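One structure below.
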Amino acid sequence: MKKKISKTTSSIFNEYSEQTQLVLNNITNYLKNTFSKVNPEWLLTLDMLATNLDLYFQCKNEIKNKGLMYEDRFGVMQKSPLIKVMNDACLRIEKYVSELGISPKASKQLNLLDNENNTPTFLDKLLEDNE
């Protein structure tokens, strides 16, 4: 079943791929459910996250289509430079996800700070949506 992208997410992140918009839609829904709104100061972090997600997905698709290696002008096989770009995007994605408190590690740290709060974690909600 194809997930629907909310109008809000679509209007804010319309320049990004559908795949990125779906991820951002899940993230914004989680933030709304957890904090009852998406604060304006989070939008820059969400935009930077979206940029890096889009870059990651583009690199992943190119590597999938063209392979991990390419032949240079001298006929020597070289590792695709997109691998480094993709890895750098992964590191930045991890940083932004942690900043927003939606990674398992960040979620665990938040739960340690507030054990009385029994709200489901981001991963719990994602898994709920996929069932």
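Each residue of the sequence shown is one higher than the last, beginning at 29 in this note's numbering. Here a beta-carbon is modelled for each residue, glycine too, at the ideal position from N, C-alpha and C. Quantities reported herein were computed from a predicted structural model and do not represent experimental measurements.
- Assignment of beta-bridge partners to Glu99 by DSSP yields Met105.
- By the neighbour-count criterion, in which a residue is buried when 16 or more other Cβ atoms sit within 10 angstroms of its Cβ, Ile111 is exposed.
- Judged by DSSP in its simplified three-state form, Asn115 adopts helix.
- In the structure shown, Ser126 adopts helical secondary structure according to DSSP, grouped into three states.
- Annotation: Thr73 to Phe102 spans about 42 Å, alpha carbon to alpha carbon.
- Within the same chain, and ignoring the five residues on either side of Ile55 in sequence, the residues whose Cβ sits closer than 8 Å to its Cβ are Leu74, Leu77, Leu128, Ile130 and Phe150.
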